[in-house]
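Which chain is which? The protein sequence lines are F and D, in order. Numbering (the numbering used here) for the first sequence: 1 to 365. Numbering (the numbering used here) for the second sequence: 1001 to 1186. Cβ coordinates follow ideal geometry from the N, Cα and C atoms, glycine included.
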Amino acid sequence: MKFELDTVLIEDGCGDSRLARRVQARIPSSIVVRHIDDARAALRPMADSADPFGAGKRRMVIMRRRSPFIMACPAAASGFACCGYLVMALASNCPMDCSYCFLQEYIADNPSFQVYANYADCFDELDRLARQAPNRGFRIGTGEFADSLAFDSITGIAGDLVKFFARQPNLTLELKTKTDDIDGLLAVDPRGRTIVSWTLSTDTVYRTSEHRTASPMRRIEAARQLLDADYRIAFHLDPIIAYLNAERDYDDLIDALFAAIPADRIAFVSLGGLRMTPTLRRRARERFPNDTMLTGEDVLASDGRYRTFMPLRVSLYRRLNDRLARAGVKSVYLCMEQPSVHEKIFGAPAPTPGVLGASLAGAHE
Amino acid sequence: MNESPIDQPSAVMAAIRAWAAERRLPYGNLERWLRFDAAGRAALLDLARELKMRTGQMMTVIDLLDEISLRGNIDAASILAADDVRDALAAGGSAPARAARLIRMLRDIRFPRLAQLREDLEAAITALALPLQVVVRLPADLASDELVVEIHARNPAEMARAATAIAGAQDGLGRIIGRLGGDDEV
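This is how it looks when you write it as structure tokens:
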């Protein structure tokens, strides 16, 4: 286990679960394990902590999920060009600590690291989804509210998912991560149904803002290894941060990526600019007052988020998309951007979420 | 353990606290003001008095100084002593006008590429030499790609003159819209 925990709390009724047994067998004996009646109270911010959100990352709560596991991506409802991604919520929060992370606002009221003991129930939901639209391809990921692999060495969930999706003709799993913890994946055969994707940032952003993550080069190296193990791989250049001379650094990043991985073996690349609601920006600045990445030339955009002012943001997208397309990456899309921006970059209206989602699910099958 | 600068008593600190209490400056802003370098916090107090700054203006100035300081690794005193800032303050006018000019100058320093591009685009609009009936507005903070072109006409002749002028300026307006949409590297 690469990340530190102070406590593991296990909700009553979950102690005999496969997840709880695995975690207890794999964590160091120094970590306190306690059993609690109802986990919901344990999710609340620790009032005596100077940094309740950060403290929540060190307290794992193994509990039963009481609501559905599968949902539309939160970005899908906001009038953006959308990739049709479906979110599978198997955990909440992340042991890494990126200064710009939206979870600082999104789960501020329940920051403890939740993992759901009844995660296998999601397989029933997936079965129903697959049966309802057998001719449509779906891409479903676990990396929205948590990193897909960060604690996999103790939870072992990713391997179970890969095995399940390997049997599904129209479902594709996306595991999204900033780690290089891939040992569990190397032990299973994905049969082409799993994409592992990495958020990639420049070295400057990584060093300034992505605390406790693997370096960009280690992420690329992990991708190379999984490509050799028959996984499909993808990358998210998101958030793109427009600091001074960022263009040069993104060029270097893309050079390093293509030096390790042929462009035509990459299933897709997404591009997304740094975006922060005023509340998120305030919280991030409070938690990371010396982070220069949080003080770029960001202005309040029409969607109520701080974003790099439009001409600079779009020129960066265009530059990156041109480089990716020239190198031979076949599928590039924008995340949480207006349809008009999509049209500027790709010269065509944004496809519907269903069409793009199915295309990304099938990319490089 | 060293005492934090904001806990140290001094006449300037006391005066800053008094100003903040009188103007109901939020605690977070006061805290950051007190964390500026000694010369910077004193210079800002002098400006607050001289320009009769309102609470909202002071909050904006503190935010801007704080972020310029972080971006440029420069202290507040040096920012306020820069030639551009001193010139903006020395240019005369009422205290509120000078306060507004100070904020505009600090914003230009805080957002250098945005300020430069806006200046270029404003110059391009001026160069179109459109009649007074046609007003071209850039989006606030260049936050969107939408250029607003307004026609102000009181009679058919003015309307026709404006429409003709816009038609004649189509290429120039198109280039401006293109630049708003990131056609050029910024």
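Requested in this report: Report buried or exposed for Met-1001(D), applying the criterion of at least 16 other Cβ atoms within 10 angstroms of its Cβ.
Outcome: Model confidence at Met-1001(D) stands at a pLDDT of 44, short of 50, so the residue's coordinates are unreliable; what they give is reported in the following sentence. Answer is exposed; the Cβ neighbour count stays below 16.
Query raised in the report: Just the Cα atoms here: how many angstroms apart are Ala-91(F) and Ile-1103(D)?
Result: 45 Å
Query raised in the report: For Pro-353(F), does the three-state DSSP call read helix, strand or coil?
Result: helix
Query raised in the report: CB Met-71(F) to CB Leu-86(F), shorter than 9 Å?
Result: yes
Query raised in the report: Which residue's Cα is closest to the Cα of Ile-195(F): Leu-227(F), Ile-220(F), Leu-257(F) and Glu-210(F)?
Result: Leu-227(F)
Requested in this report: Please say whether Gly-273(F) and Arg-248(F) have beta carbons closer to each other than 9 Å?
Outcome: no
Query raised in the report: Rounded to a whole number of angstroms, what is the C-alpha to C-alpha distance between Ile-266(F) and Cys-83(F)?
Result: 17 Å
**Report entry** Terminal residues of the alpha helix (DSSP H) in which Asp-1075(D) lies
**Finding:** No alpha helix (DSSP H) contains Asp-1075(D), which DSSP labels as neither H nor E.
Requested in this report: With a 10 Å radius around its C-beta and 16 neighbouring C-beta atoms as the bar for buried, classify Pro-190(F) as buried or exposed.
Outcome: buried
**Report entry** Residue range of the beta strand (DSSP E) that includes Gln-114(F)
**Finding:** 113-116
**Report entry** Under 9 Å (Cβ pairs) to chain F, residues found in the stretch 1139-1168 of chain D
**Finding:** Pro-1139, Ala-1140, Asp-1141, Leu-1142, Ala-1143, Ser-1144, Asp-1145 and Glu-1146
Report task. Give a yes or no on whether the minimum CB-CB distance between Val-1186(D) and chain F is below 9 Å. Result -> yes
Report task. Could you tell me how far apart the beta carbons of Ala-20(F) and Arg-64(F) are, in whole angstroms, since I believe they sit closer than 8 Å? Result -> About 11 Å separates the two Cβ atoms, so there is no contact after all.
Query - Cβ contact check for the stretch 325-332 of chain F and the stretch 39-59 of chain F: 3 or more pairs under 8 Å - result: no
**Report entry** Where Thr-1055(D) sits in the DSSP three-state scheme
**Finding:** helix
Query - Any chain D beta carbon closer than 9 Å to Asp-6(F) - result: no
Query raised in the report: Listing by chain order, which chain D residues have their CB less than 9 Å from the CB of Val-188(F)?
Result: Residues of chain D passing the Cβ test: none, with the nearest at roughly 43 Å.
Query raised in the report: Interface residues of chain F around Phe-1111(D) at Cβ under 7 Å?
Result: Glu-297
Query raised in the report: So, Ile-220(F) versus Ile-182(F), is the Cβ gap smaller than 9 Å?
Result: no
Query raised in the report: In whole angstroms, what separates the C-alpha of Asp-291(F) from that of Ser-209(F)?
Result: 7 Å
Query raised in the report: With DSSP run on the structure shown, which of helix, strand or coil describes Ser-197(F)?
Result: strand
Query raised in the report: Under the rule that 16 or more other beta-carbon atoms within 10 Å means buried, what is Tyr-317(F), buried or exposed?
Result: buried
Report task. Provide the residue(s) that pair with Thr-172(F) in DSSP beta bridges, ordered along the chain. Result -> Arg-139(F)
Query raised in the report: Counting Cβ pairs, one atom from each stretch, are 3 or more of them under 8 Å apart for the stretch 283-299 of chain F and the stretch 98-106 of chain F?
Result: yes
Report task. Could you run through the stretch 79-95 of chain F and flag, in chain order, every residue whose CB is less than 9 Å away from some CB of chain C? Result -> No chain C is present in this structure, whose protein chains are F and D.
Query - Beta bridge counterpart(s) of Ala-91(F) as assigned by DSSP - result: Val-115(F)
Report task. Per DSSP, which residues does Leu-9(F) bridge with? Please list them. Result -> Arg-34(F) and Val-61(F)
**Report entry** chain F contact for Asp-1183(D) (CB, 9 Å cutoff)
**Finding:** yes
Query - Spatially closest choice to Thr-277(F) from Leu-129(F), Gly-137(F) and Leu-103(F), by CA coordinates - result: Leu-103(F)
Report task. Taking 9 Å as the cut-off, decide whether the C-beta atoms of Leu-1223(D) and Leu-1044(D) are in contact. Result -> As displayed, chain D neither begins before 1001 nor continues past 1186, which places residue 1223(D) out of reach and without an answer.
Query raised in the report: Would a C-beta distance cut-off of 9 Å place Ala-1095(D) and Phe-1036(D) closer than the cut-off?
Result: no
Query raised in the report: In chain order, what residues of the same chain lie with their CB nearer than 8 Å to the CB of Asn-135(F), ignoring the 5 residues before and after it?
Result: Asn-170
Requested in this report: Please determine if the stretch 297-314 of chain F and the stretch 1130-1143 of chain D are in contact, where contact requires at least 3 C-beta pairs separated by less than 8 Å.
Outcome: yes
Query - Proximal chain F residues relative to Glu-1067(D), where beta-carbon distance stays under 7 Å - result: Thr-295
Query raised in the report: Below 9 Å between beta carbons: does that hold for Thr-7(F) and Val-33(F)?
Result: yes
Query raised in the report: Just reading off the alpha helix (DSSP H) that Pro-311(F) is part of, what are its end residues?
Result: 310-327
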